[in-house]
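Q: Residues in the sequence shown are numbered consecutively from 0, following numbering that gives the first Met the number 0.
Where is the CB? At the ideal position from N, CA and C, for every residue including glycine.
Keep in mind the model is a prediction, meaning the values are calculated, not measured.
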Amino acid sequence: MTRSSSTATATATAARVRAWVRGAREATRPVPRLKAAALARRWAELPESARTPAQLVGRHAVGCEGTHGVFPKCDFTCTPCYHSADANKVRVDGGHTVAQVEAQMALLEELRGPHGHAQLIGGEVSLLDPDAHAETLLAMRRHGREPMSMTHGDFSEDYLRRLVLGPDGRPRLRRVSFAAHMDSLMRGRRGLPRPRSEADLLPFRRAFVEMFRRLRDEHGVRSYLAHNMTVTPSNLGQVAEVARTTPPLGYDMISFQPAAFVGDQRRWKEGFREHTSDDVWAEVERGMGTRLPWRALQMGDPRCNRTAWGWLVGERFVPVLDDTDPRDLAVRDAFLARFGGLQVSNTPPSVLVPRLLRAVAANLGVLPLALGWLRRALRRSGGVRALVRARGRVRPFTVVMHSFMDAAEVAPAWELMERGEVAEDPAVRAVQERLGACVYAMAHPEQGRTVPACVQHSVLDPGENRELRKLLPLVEVRQPVA
Ligand code: SF4
0 MTRSSSTATA TATAARVRAW VRGAREATRP VPRLKAAALA RRWAELPESA RTPAQLVGRH
60 AVGCEGTHGV FPKCDFTCTP CYHSADANKV RVDGGHTVAQ VEAQMALLEE LRGPHGHAQL
120 IGGEVSLLDP DAHAETLLAM RRHGREPMSM THGDFSEDYL RRLVLGPDGR PRLRRVSFAA
180 HMDSLMRGRR GLPRPRSEAD LLPFRRAFVE MFRRLRDEHG VRSYLAHNMT VTPSNLGQVA
240 EVARTTPPLG YDMISFQPAA FVGDQRRWKE GFREHTSDDV WAEVERGMGT RLPWRALQMG
300 DPRCNRTAWG WLVGERFVPV LDDTDPRDLA VRDAFLARFG GLQVSNTPPS VLVPRLLRAV
360 AANLGVLPLA LGWLRRALRR SGGVRALVRA RGRVRPFTVV MHSFMDAAEV APAWELMERG
420 EVAEDPAVRA VQERLGACVY AMAHPEQGRT VPACVQHSVL DPGENRELRK LLPLVEVRQP
480 VA
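1) For residue 282, which residues of its own chain have a beta-carbon under 6 Å away from its beta-carbon, when the five flanking residues on both sides are left out?
2) Residues in the same chain with beta-carbon distance under 7 Å from residue 481, minus the five sequence neighbours each way, listed in chain order, please.
3) Would you call the stretch 90-103 and the stretch 334-347 touching, i.e. three or more CB-CB distances under 8 Å?
4) Less than 6 Å separating the Cβ of residue 403 from some heavy atom of the ligand SF4?
5) Shortest alpha-carbon distance to residue 473 belongs to which of 35, 62 and 88?
6) Assuming residue 456 and residue 241 make a contact with CB atoms under 8 Å, what is their CB distance in whole Å?
7) Decide if residue 148 is buried, meaning its Cβ has at least 16 other Cβ atoms within 10 Å, or exposed.
8) Please classify residue 222: is it buried, with 16 or more other beta-carbons within 10 angstroms of its beta-carbon, or exposed?
9) Please classify residue 154: does DSSP put it in a helix, a strand, or coil?
10) List, from N- to C-terminal side, the beta strand (DSSP E) runs of 3 residues or more that fit wholly inside the stretch 111-146.
11) Could you say if the stretch 410-427 and the stretch 270-289 meet the contact criterion of at least three C-beta pairs nearer than 8 Å?
12) Which partner residues does residue 237 have in the DSSP bridge list?
13) Quick one: is residue 199 buried, meaning 16 or more other Cβ sit within 10 Å of its Cβ, or exposed?
14) Using the Cα positions of residue 376 and residue 316, report the straight-line distance between them to the nearest angstrom.
15) Which runs of the alpha helix (DSSP H), 4 residues or longer, sit entirely within the stretch 15-86?
16) Report yes if the C-beta of residue 299 is less than 6 Å from at least one heavy atom of the ligand SF4; otherwise report no.
17) Alpha carbon to alpha carbon, how far is residue 43 from residue 302?
18) What does residue 256 pair with, by DSSP beta-bridge criteria?
19) Shortest alpha-carbon distance to residue 67 belongs to which of 182, 370, 107 and 56?
20) Can you give the beta carbon distance from residue 69 to residue 111, rounded, assuming they're within the 8 Å contact cut?
21) What is the DSSP secondary structure of residue 276, counted as helix, strand or coil?
22) Under 8 Å: do the stretch 240-255 and the stretch 396-412 share three or more Cβ pairs, one atom per stretch?
23) Touch check for the stretch 110-124 and the stretch 52-59: three-plus C-beta pairs under 8 Å?
24) Can you give the beta carbon distance from residue 226 to residue 204, rounded, assuming they're within the 8 Å contact cut?
25) From the DSSP output, which residues share a beta bridge with residue 196?
26) For the ligand SF4, I want to know if residue 329 counts as a neighbour, meaning its beta carbon is within less than 6 Å of at least one of the ligand's heavy atoms.
27) Distance, Cα to Cα, residue 218 vs residue 433?
28) Anyone know if the C-beta pair for residue 527 and residue 320 falls short of 7 Å?
29) Look up residue 446 in the DSSP assignment and say whether it is helix, strand or coil.
30) So, helix, strand or coil for residue 316, using DSSP?
31) Tell me which residue opens and which closes the beta strand (DSSP E) that residue 176 is part of.
32) Thinking C-alpha only, which one of 314, 102, 389 and 276 is nearest residue 232?
33) Alpha carbons only, please: which of 214, 197 and 206 is nearest the one belonging to residue 234?
34) Starting from residue 310, follow its DSSP beta bridges and name the residues at the other end.
35) Report yes or no: do the stretch 141-155 and the stretch 172-187 share at least 3 C-beta pairs separated by less than 8 Å?
36) Taking residue 393 and residue 311 to be in contact with their CB atoms under 8 Å, please state how far apart those CB atoms are, rounded to whole angstroms.
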């Protein structure tokens with residue numbers, strides 16, 4: 000080899016190394032550039048009322064996402080039902096679902112950044128053929144979305160296996176995320192078509208988790224499971240019991256939705272608004288036997304969402320932050336200022352470990368604050384001994400309440416927002432603030448924008464479902480003449 004050719008080889012190698020280092024540095028940025036840009040955009044869009052020290056939207060997350068107009072059909076008859084009256088007159092079509100979801104996810108990726116949590120929703124997801132369901136989840140992942148399938152939970156173990164395992168019997172999905180909506184207002188569950196009480200549903204809540212446990216034991220497929228419940232005056236008194244009995248079954252999250260006047264008017268009952276969000280939250284706290292601090296961290300508007308993040312030690316909930324302790328609030332402020340947007344989920348260990356090391360190395364000054372928090376967190380957990388005693392039964396846990404608005408509130412507020420007008424009426428302006436801080440976005444690729452789920456359900460669903468009736472008419476199956 001001549002000297003000039005060996006110099007050229009060394010130069011090329013050095014260039015390759017430099018490019019690799021640049022690539023690695025970029026890939027392990029604590030907050031990926033595109034995410035940082037999406038967060039900045041979201042923060043700039045937030046109404047002034049939502050820019051509080053507790054706000055996570057625009058500083059750490061962009062919020063949740065959901066699909067719409069993809070399989071507007073359900074085999075239950077619940078009261079209330081958020082589907083519009085035309086929903087069940089549309090055919091479930093796997094090809095249409097996959098294509099629509101793909102387009103919606105592409106827009107979400109473009110507008111809201113490379114990572115997100117998106118719900119596969121818009122009807123009963125298990126009415127989708129398992130292959131189409133799996134294909135849809137994979138399409139969502141391709142666009143950086145961590146999908147959660149929303150279901151009434153009344154599907155067979157065989158369906159779950161056909162969804163998760165490929166034709167060769169090996170997992171095509173290594174992890175799945177489901178939210179099972181189970182409450183006594185629902186009608187049509189096999190084995191319990193008309194529950195008399197929430198307690199009647201306990202075996203069904205348990206059986207749902209056990210299906211996923213067996214899937215993990217036999218095929219190594221991990222799952223994240225949420226339990227959802229609609230709350231009306233008729234079951235408010237049983238919320239505490241659900242909050243007490245559901246977490247030990249193995250769910251990772253319990254979520255409560257006070258009923259709203261939205262969707263199919265034939266399924267509305269008087270009295271949905273007799274109780275307040277405080278009443279529902281108090282019942283959840285009574286059931287869990289502890290205060291659930293939610294004011295330290297806020298997703299969007301507090302009139303829409305409350306969340307208590309923490310962990311279970313055995314059956315005891317321990318909050319990650321105590322919203323009455325100024326030291327915990329200082330930890331929150333430092334975290335959001337220095338680590339806000341840190342991308343942890345959907346990240347392989349080879350990227351995550353160096354990313355975390357970089358984040359920590361650049362912020363060693365917060366170590367005393369972090370150690371103080373750790374001490375308090377240990378104390379709240381009952382001390383090291385309690386943790387050791389409960390080993391194997393310590394796991395992250397989240398409590399959520401999401402309060403949809405009534406269609407009659409949303410429509411006038413949205414009409415003004417579409418014209419770029421801020422309402423003079425304080426009540427309508429309050430709705431506009433909530434919509435402006437919405438953390439539940441639905442994508443409209445044909446318009447290149449997202450809308451709040453409240454707007455989707457209150458204003459847009461009826462027209463969309465009328466169109467879907469024409470596009471995907473129900474096929475009448477004629478029985479052969481004997
Ligand atoms: S969907 Fe409605 S209730 Fe939920 S966060 Fe958005 S505006 Fe608030």
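A: In short, the structure shows the following:
1) 238 and 239
2) Its pLDDT being 45, under 50, residue 481 is placed unreliably in this model, and the coordinates cannot settle the point.
3) no
4) yes
5) 88
6) Not confirmed; about 24 Å, so no contact.
7) buried
8) buried
9) coil
10) 115-119
11) no
12) None, per the DSSP bridge assignment.
13) exposed
14) 12 Å
15) 32-44
16) yes
17) 20 Å
18) 229
19) 107
20) 19 Å between Cβ atoms; not a contact.
21) helix
22) yes
23) no
24) 7 Å
25) DSSP lists no partner for residue 196.
26) no
27) 43 Å
28) Because the chain in this structure spans residues 0 to 481, residue 527 falls outside the shown range and cannot be described.
29) coil
30) strand
31) 174-180
32) 276
33) 197
34) 317 and 395
35) yes
36) 7 Å
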